[in-house]
Amino acid sequence: MESKVLKPVLAVYVAAFILFLYGPFFVLAILSFQQGPEGGPQFPIIEWSTYWYRHLFGFTPPSRIAPLPVGEALVRSLTLAFMTMVTATVLGVMAAQAFRRRFKGKGLVFYLIVLGMMVPGVLTGLGTSLLANNVIGIERHWWSTAFVAHVVYTFPFAFLVMLAILNRFDNSVEEASWALGVSPVRTFRKVTFPLIFPGVLSAMLFAFTLSFDEFPRTLFASGRDQTLPLAIYGTFSVEIHPNIFAFGVMTTLFSFALLSVYGILMALSVRRAKKTAMQEDIV
Amino acid sequence: MTVDTIRNNRQKSFSQLLLAPGVFWMLLFLVAPIVMIIYVSFWTQTTFSINSTLTLASWKNFFSSEAYVGALWTTLRLWLIVLSLTFIIGYPAALFVGLLVKSKTLATVLLVLCVIPFWTSFLIRVLAWRPMLGKEGAINIILQKLGLINTPIEALLFSELSVVIGMTQIYVVFMVGPIAFMLGRIDRNIIEAARDLGAGFGRIFWKIIFPLSLPGVVVGAIFVSVMVLGEFATSGALSGRKVNLLGNIIVTQVGSLKWAMASVVGVILTFLLAVVVAGFLRIVDLKSEL
Amino acid sequence: MNQSEPVFRLENVTRRYGDLTALDSINFEAPRNEYLSLLGPSGSGKTCLLRIIAGFEKPDEGKVYFQGKDITSLPAHERGIGFVFQNFALFPHLSVFENIAFGFRNGTMNVDASEIDKRVGEAVEMVGLAGLEDRNPEQISGGQKQRVALARTLVMQPKLVLLDEPLGALDANLRGRMQTELRMIREQLDVTFLHVTGSETEALAMGDTVSVLDSGKIIQTGAPDEIYNDPSSSDVALFLNRFNLFEGKLEKGSFAGPFGEVAVKKVQPNDRDMYAIRYDRTKAYKKGQTVPGPALPAKFLASEYLGSSIIFLFETVDRKQVEIDHHLSFGDPDEYKVGEEYVLSWDPAQALVFGKEATQ
């Protein structure tokens, strides 16, 4: 391979590529420290300040710029993401567990589940609201119609994660438990579940973050009360101010906090194995 | 015999019990809604209400309206442009990460770097392009500072170009991931052997590397296509309502309670997706490749 | 249950996987308190048989009895039959102690904590794991894992323990030691071990009784020496890996093979005509020497030193390999030159003859 030329060229290219991925966000982060309330969402920076962060939390004196309507939306989004996470993970674990056996129509069921992540949100959203609005005749809410649409979207992710984990699972450990007189249900609780727990954690993380950030399905299916992405979308049509940038930085930090919690939980669940492996090295 | 069947049935029914909730959920909240879209597209729409008398009115309406058919072409055009761009921009990056980087750690770090932006809200990522592309945005300032232009380029924002840029940046990672994965699985010995036989890089690339990475390209293309065809937020936020995709039409129609027309567009979009995905799956038999 | 009743019994058990019949109408039983080994080549259905007795799989036809009761439809955890896996299948998230206590803690038996401590302690003692109770499975060696797997099963006091190639994952050295240990542990308890293996030496060394399974059928059951000296068919002789087998034609009390025609007295029924002579009863002679029986010309290929004996490899004209096992207690072996022609012979009275004739 002519890696002497190709590799450095591509290395520079990849650096530019990553800049392309991150660039807009850096600009957004810089502008979130724009002076307020007169400073607009563009360069140059009049003066560095944390005004828009204080504005976000309502610590600034009232001005012509209304605070972002995110308080209640945040609570709704967190609740919805939590509900979705639990439901999608439970469904995902159950379906993946069933997939360990052979049964008729397995391929069909697989595609049915995976379809949920492949169909664009605009279609699921439209269909769900049609069903609720024109057929059943119920009002749409974030906790009802939007919730089921979120699960349709996140359940396939949880399912695929669990399928990957269970594919590598050693069945004989469960059989050993049965042979010791332990019922399948208790075996699942005492053997299978502890061993697949890291996978369950990943499935939960997937479901939570996907639901928390979900926009197109929610737009159609949530009715009057807005979730966080809807609140952000609402500000798009009116004039934007750097407070939305500050908010973007905050939500990103929140995501990283969530990711850290996941990382810590993962580390804890594998730490014992690592520790013992080290002890063995010493012995 | 009877005892066995009872026993097998019990196992079977336990399996079904585990599967039933998920399957019902998907049938009820995924399949039924899509069937509903098809059904409602034939309903009769009046100004303020809709009733289930079947008619082709909405369909005729769609195909006789320049704006609607135009949206269909815009959607197809944007899809082709973004798909090509994600491939052209993404492939070299995937080639570097998946094949040229020797250290596994570095490859992982680079992939993680590509994924991290996804933990920022999708809408914020779209919005971040505004201060970047605007008249007083970062790109115009930089270009002016470099002396390349005198007056800021206004066409950067609120145009089809800004939508293309935004979508490419957001979706390119879905192209890079699958390709890098397939490239990572190539046995390096094959490439070494080809080189020992005197093949140059170009030849090795077209004869070995590219064919082996094709399943990754197809998976990436399916991801990108599904997402771009169903888009409406990026075009809404970055085009200043100048670019109308099928998704935007659905949103406006639902907003004005024109359910039948929204459904017609929904059916067209579903059909488009089915054709595109089926077409890609014909290129490569994914089941045998993955 | 009385002493003479078998601890388990399979009645016409058949198991199919699609078109493949893994077990073909098996009838099989084992007495109480015995070491039974089941020898079968890979693909013979031996693991499937074990899994059906354990209840991990269901037979398509037939019945399984355990201690006189029909358990065909009983799920695995209600059977009270122990199972030891080739890969040990220890619970990786539990300590050695908790692995052994697992059945008590999670089963239907109500055993109080002090009783668990006592019984687990005894089991640990019995398999020689004292001091390792707090270790995790990944911190102990293969042999120790095997002992934990055994202790975990035996502490539940089953009447039947199924061992699926239990020594397969151990190295040769350890395998020998574990063989003795397994037998000794079993003798302390009133329990039947059904030990499945693909190794003929292991099967013969371990079992009070040895059964041979081939293509989903039990083809012979007997004491190890019976199997060894008197295989009931050419297939059994083949699995034992101790016989030179020759194809030929049996007619009117005479077997025509690559070594000429030999008169035979006793013939065992078989699906084709075969002539078998044990490795250690085959001898090589220089050309021109008088031979005690049939004469089979063969070229010397190589020898293999095994400690107590030497294996000599010869090749006949039709490219078939013939082995000679010379036990060193019978004195030093003759020297053979590689590539040179010799004549192989044996006492025809020691040969086994299998024939289609005898089937009728």
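Order-wise, the sequence lines are chains B, U and F. The first sequence begins at 100 in our numbering and counts up by one. The second sequence begins at 16 in our numbering and counts up by one. The third sequence begins at 36 in our numbering and counts up by one. All C-beta atoms, glycine included, are put in the ideal place defined by N, C-alpha and C. All values reported here derive from a predicted model rather than from experimental measurement.
In the three-state DSSP reduction, F:Asp225 falls in the coil class, being neither helix nor strand.
Taking 8 Å as the upper bound for CB-CB distance, B:Val251 and B:Thr223 are in contact here, some 6 Å apart. In this structure, F:Ser60 lies away from F:Asp249, with their beta-carbon atoms at least 8 Å apart.
The alpha-carbon of F:Phe349 is positioned some 40 Å away from that of F:Leu197.
Residues are counted here when their Cβ sits less than 9 Å from a Cβ of chain B; for the stretch 310-344 of chain F the count is zero. Neighbours of F:Gly142 across chain B, judged by C-beta separation under 8 Å: Leu279, Gly280, Val281.
Within 7 Å of the CB of B:Ala275, the CB atoms of chain F belong to Phe118, Phe120, Ala124, in sequence order along the chain.
Rounded to whole angstroms, the Cβ separation of F:Asn279 and F:Val373 is 20 Å, and the two are not in contact under 8 Å. What B:Asn233 touches in chain U, judged by beta-carbon distance under 7 Å, is Val55, Ile65, Trp274, going in chain order.
Between the stretch 365-379 of chain F and the stretch 322-330 of chain F, the count of Cβ pairs shorter than 8 Å is three or higher; the stretches touch.
With fewer than 16 other Cβ atoms inside 10 Å of its own Cβ, B:Tyr210 counts as exposed.
Collapsing the DSSP output to three states places U:Ser73 in a helix. Against B:Ser228, the close residues of chain U are Val269, in the order they occur along the chain (beta-carbon pairs closer than 8 Å).
Note: F:Val297 is bridge-paired with F:Phe290 in the DSSP secondary-structure output.
U:Asn259 sits buried, since 16 or more C-beta atoms from the chains shown fall within 10 Å of its C-beta.
Straight-line measurement puts the Cα of F:Thr143 at about 52 Å from the Cα of U:Gly235.
One Cα belongs to U:Val178, the other to U:Met51, and the distance between them is close to 31 Å. Fully enclosed beta strand (DSSP E) runs of no fewer than 3 residues occupy 195-199 of the stretch 158-221 of chain F, in order along the chain. Rounded to the nearest angstrom, the gap between the Cα atoms of B:Leu294 and U:Asn155 is 54 Å. Within chain B, no C-beta atom comes less than 7 Å from the C-beta of F:Gly53; the nearest is roughly 11 Å away. Rounded to whole angstroms, the Cβ separation of U:Phe77 and U:Val279 is 5 Å, and the two are in contact under 8 Å. Taking B:Tyr152 as the centre and dropping the five residues before and after it, the same chain places the C-beta of Ala345 closer than 7 Å to its C-beta, in chain order. Going by beta carbons, F:Ala184 and F:Val159 fall outside the 8 Å limit. B:Ala180 and B:Phe307 do touch by the CB rule: their CB atoms are close to 5 Å apart, below 8 Å.
For F:Gln255, the uninterrupted beta strand (DSSP E) run begins and ends at 252-257, by DSSP. Residue environment: U:Ile65 is assigned as buried (16 or more neighbouring CB atoms within 10 Å of its CB, all protein chains considered). Identification of chain U residues near B:Gln141 by a Cβ-Cβ cut-off of 7 Å yields Pro146, Gly149, Glu151, Gly152, ordered along the chain. Around the beta-carbon of F:Arg212, fewer than 16 other beta-carbon atoms lie within 10 Å, marking it exposed. For the pair of segments examined, the stretch 307-319 of chain B was found to touch the stretch 238-250 of chain U: the number of CB pairs separated by less than 8 Å reaches three. For chain B, the residues of the stretch 97-119 of chain F that bring a beta carbon within less than 9 Å of one of its beta carbons are Pro110, Ala111, His112, Glu113, Arg114, Gly115, Ile116, Gly117, Phe118, Val119, in chain order. In the pairwise beta carbon analysis, the stretch 134-149 of chain U is classified as touching the stretch 325-343 of chain B: at least three pairs are separated by under 8 Å. Fully contained in the stretch 115-153 of chain F are the following alpha helix (DSSP H) runs of length 4 or more, in chain order: 131-141. The Cβ neighbour count for U:Leu272, taken over all protein chains shown within 10 Å, is under 16; the residue is labelled exposed. Here the alpha carbons of U:Ala47 and B:Ile237 stand approximately 16 Å from one another. At a cut-off of 8 Å between C-beta atoms, F:Ala89 counts as an interface residue with respect to chain B. In this structure, the CA atom of U:Pro230 is about 35 Å from the CA atom of U:Met147.
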